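Mapped onto full-length UniProt numbering, the consecutive letters of the sequence shown carry residue numbers 1 to 944. Worksheet: the structure to be examined is printed underneath.
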Amino acid sequence: MSEPSYRYTAKLAGEIEAHWQDHWETEGTFHAPNPAGPWAEPEKIDSRGEKLFVLDMFPYPSGAGLHVGHPLGYIATDTFARFNRMKGRNVLHALGYDAFGLPAEQYAVQSGQHPRVTTEHNIAIMRRQLRRLGLAHDPRRSVATVDVEFYRWTQWIFLQIFNAWFDEAANKARHIDELVEEFASGKRPTPSGRPWEELPAQERRQIIDSHRLAYLSEAPVNWCPGLGTVLANEEVTNEGRSEIGNFPVFKRNMSQWMLRITAYAERLLADLDKLDWPDKVKAMQRNWIGRSEGARVFFTEAASGERIEVFTTRPDTLFGATFMVLAPEHHLADGAASEWPEGTDPAWTGGHASPAEAVAAYRAEVERRTDADRSGDDKEKTGLFTGRFAINPVNGQRVPIFIADYVTLGYGTGAVMAVPSGDQRDWEFAKAYNLPIVETVIPCSEHNGNSAWTGDGEVINSTNPEISLNGMNVSDAKTAITEWLEAKGLGEATVNYRLRDWLFSRQRYWGEPFPIVYDETGLPIALPEEMLPIELPEVTDYSPKAMDPEDRNSDPVPPLARATDWTSVELDLGDGKKVYRRELNVMPQWAGSCWYEMRYLDPANHDRFVGEDVERYWMGPRGEGDVGGVDLYVGGVEHAVLHLLYARFWHKVLFDLGFVSSAEPFRRLFNQGYIQAYAYRDSRGQTVPAAEVEAHGEGQEMTWTWQDQFVKREYGKMGKSLKNIVSPDEMYEAYGADTFRLYEMGMGPLAQSKPWETRAVVGSQRFLQRLWRNVVDEETGDLVTRDTDIDEATLHALHKTIDAVNKDYENLSFNTAIARLTEYNTVLTALKVVPRAAVEPLVLMVAPLAPHIAEELWHRLGHDQSLAHEPFPVADPELVAEDTITAVVQVRGKLRAQLEVSASITEDELRELALAHPRIVKEIPNGVRKVIVRAPKLVNVVPA
């Protein structure tokens, strides 16, 4: 039997979807009007309700295209945005591409093809796949970080950061000219105390450069000479080798651009409380910033008298500091003693002939490990003696100075006063190296003495002729010793952060060039804004110059060095024409994603990165205490720390300098879960194509075969290497985009991860087919709805559905919305004739989830305009209310009866009914002492 001509199949769905996608694009259906600037449409702004800015995290355009896990968040934000558009809000929803980065550059190195060609090809693939999904983006606003007009403004923002300093007294960034004025006027003394005007020009420049929010510094980096580039921590294996090429990686200091994010640590922490973000993400940011209160304490090196500064959260334990530990990279370790002091414990030397030899060997061993690997609590603590001693400031005792892998330059000062009785890592180190352990706090009686005691208790063994902490509790002892240290000039109370300044240089090609040149002094000079953009030059080789993999002292030669006509430039920067040297590093991929949300607002603005009125309208604060920002930001939790922290930092600098009205970039954050998939492995442990695997049996008895061989199933992420990727293109072809959208939103709560199961997609298709049949005759294509009245039961079902679906959409609970829509659709399916007034609200409610079929049905129902801005159905409260309620009757708190009562029943009426119930009469032969009534749901009887 032939298939009916108008059955809703994948083929018909594809035709409908293509038609409406073309229609939306032609009509500009989802264009969001701006209040000012090139796209100003104030009349539309006035005619619409409050604004709503919905944003997805910036995607990277992969050469492999999308798999079905990628669009989960995009469909969710699209559903939310479509719903709110129908609620009358002025919705802005756009998507662009975070297109700089290493993958395209690596492909360019391998193939010789310019990374721009690769990137633009990948963007075209992704645009096609996303358009086919029917996302209601404003296509005019799409941007890519690689667009010259975009990175012109990335460079401009860098210049604002470079030309700013952080005023601690005002707790905000200010323009660097204001700092110059303070030095020139004498309001701020120079480091040497000499008048500003007497200082040489170069010294003045160096002083100012040391205060900038963007500055050059000798920073410890992961140097991989085999690749010729510095690597990020995540690009280095636990064995201290590069993920790409397996080359050795060395820790060494190099001149790098740094951004002074640490100046904002306190504000980044404090403003978390003002954001509507998941608690988990806030906790991750707090932990990353790592605020801790304590004291800076000044030890001195015994031979030279050089001050050694340590940070401790437990200054009360200073009397128990029996040795000191430096990070192997610490500069003080450079001056290791020439020979071992008399009586040195052999365990301290590692078998080396001299301290210098021991330090050099230990550094070579440690420098290939990541900081995370070194600081792990489960790692065996190793270290070596430097042959030098420090003087403990509270008792004058000489304590040996070690270097150890568990101390890094990334936290505190890179020097630790080791108190083995009060710190477990120090305790383990002391045990391993036969170092003394002095108790400073009496532990609790249950403490077994086989570990450090880090709790409270009475302080002991902590006295000198000027101060005694003995007998105090820990809190009082901290206060007392800190005040004593400050009075003696031996320390001071301070707050420390784990957060480090942001290393902002990359020795790569495919990134934003810095708008910086250098003169004969070697000091950086910011180019004038009118010279922007600084475009990437053309080169023929995109790889950094590879060095001898074992030459740790080699220096990088970035790819931009090959553009010899570009690397130096003749400019007149105010003092006549001179030749300047360009910065050859590029910015990291993070740069563009630190501010892209604002470019969506005003991408046609050539005079400003975003218009003031436009930013204030879309992102400005709503009232007193509100920090402003994007109204809903959706993305994976893997970006919870770095991307969000970096973007917040850039935004706060722009806020301080008066360029934006919002103090935060993202007001509300939602982390979607992941779509995961089954992978299958054969007897050799090799993955096999998941699509070719056959399942046998049910439940726990299930088995799987591939090419008649039994295979094992495992559950995890989708990936090309696991051969379990399912492309959206396959779903479009087999079911249509609306079915795919409906299935992903119905798989479970958006915040949870869930397994993909292609065979289950058909359930979503059947829902849409039943909806179609409730409006369209499959044989003729005619309407089957009639202009008849709705019966009472259907009317109540409709308004209960409207009420519930409204709440579900507002709360991003799309899976429960789908369940309610399915239930109501089933009600209509059971009717002999479907009233138009019953099905049209259903079509409107389905539209955010499955927009193409909803548009088609709306059109067939006789409406000329798109339903994109059609008002979302409104529930009648009287019809939402239940006709009857099940009231529970308890006696002594135990359930004894249930009553079906009116939802509007009074307390007196409910009490009378409950006491008259036969079961309750038996329970109260002696009458009642008390009756508690909570109409209409509960009666609690207390017998006499």
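Every residue gets a Cβ at the ideal spot worked out from N, C-alpha and C, and that includes glycine. The structure presented is a predicted model; accordingly, all values stated were derived computationally and were not measured.
Under 9 angstroms between C-beta atoms of residue i and residue j
i      : j      : result
LEU435 : PRO393 : no
GLY491 : THR479 : no
SER662 : THR687 : no
GLU855 : ALA875 : no
TRP453 : VAL441 : yes
ALA336 : ALA361 : no
PHE299 : LEU469 : no
GLU309 : ARG291 : no
GLY846 : LEU821 : A small correction: the amino acid at residue 846 is Val; Gly does not occupy that position in the sequence shown. Yes, these two residues count as a Cβ contact at 9 angstroms.
HIS137 : LEU95  : yes
GLY673 : LEU750 : yes
ILE853 : ILE289 : no
THR739 : ALA10  : yes
ARG581 : TYR518 : yes
LYS187 : ASP656 : no
ALA214 : ILE161 : yes
GLU348 : PHE389 : Checking the displayed sequence, the identity of residue 348 turns out to be Trp instead of Glu. Not closer than 9 angstroms, so no.
LEU560 : TRP566 : yes
Which of helix, strand or coil DSSP assigns to residue i
i      : result
GLN676 : strand
LEU435 : coil
HIS696 : strand
GLN890 : strand
THR758 : helix
LYS832 : coil
ILE920 : helix
PRO559 : helix
HIS93  : strand
THR300 : strand
THR190 : coil
LEU326 : strand
ASN395 : coil
SER485 : Before going further, note that residue 485 is Leu rather than Ser in the sequence given. In the structure shown, LEU485 sits in a helix (DSSP, three-state: H, G or I).
ILE790 : coil
ILE16  : helix
PHE150 : helix
VAL292 : Here residue 292 is Ser; the residue named in the question, Val, does not match the sequence. Here SER292 sits in strand by DSSP.
TYR215 : strand
Buried or exposed by the 16-neighbour rule on C-beta atoms within 10 Å, applied to residue i
i           : result
ASN811      : exposed
PRO524      : buried
MET892      : The residue you asked about is not Met; residue 892 is Arg in the sequence shown. By the 10 Å Cβ count, ARG892 comes out exposed.
ASP602      : buried
residue 971 : Not covered by the structure: residue 971. The range shown for the chain is 1 to 944.
GLY69       : buried
GLU692      : exposed
HIS606      : exposed
VAL495      : exposed
LYS280      : exposed
Cβ separation of residue i and residue j, assumed to be a contact under 8 angstroms, to the nearest whole Å
i      : j      : result
PRO315 : LEU485 : 7 angstroms
ASP613 : PRO35  : 5 angstroms
MET258 : ALA219 : 6 angstroms
GLY65  : GLN129 : 6 angstroms
ILE261 : PHE649 : 5 angstroms
TYR633 : PHE666 : 4 angstroms
GLY387 : PRO355 : 3 angstroms
VAL776 : ARG860 : 6 angstroms
PRO420 : ALA430 : 4 angstroms
GLN285 : LEU644 : 7 angstroms
PHE58  : ASP98  : 4 angstroms
ASN585 : GLN507 : 6 angstroms
VAL325 : PHE402 : 5 angstroms
Contact test: residue i Cβ vs the ligand MG heavy atom, cutoff 8 angstroms
i     : result
ALA36 : Questions concerning the ligand MG fall outside what the structure shown contains, since it holds no ligand whatsoever.
Three Cβ pairs or more, each shorter than 8 angstroms: is that satisfied between the region 320 to 335 and the region 413 to 432? yes
Given 8 angstroms as the limit, is there contact between the region 151 to 158 and the region 88 to 95, that is, 3 or more CB pairs closer than that? no
Any contact of the region 545 to 564 with the region 241 to 252, i.e. 3+ C-beta pairs under 8 angstroms? yes
At least three beta-carbon pairs within less than 8 angstroms, the region 511 to 520 to the region 588 to 598: yes
How do the region 820 to 834 and the region 786 to 804 stand: do at least 3 beta-carbon pairs fall below 8 angstroms, yes or no? yes
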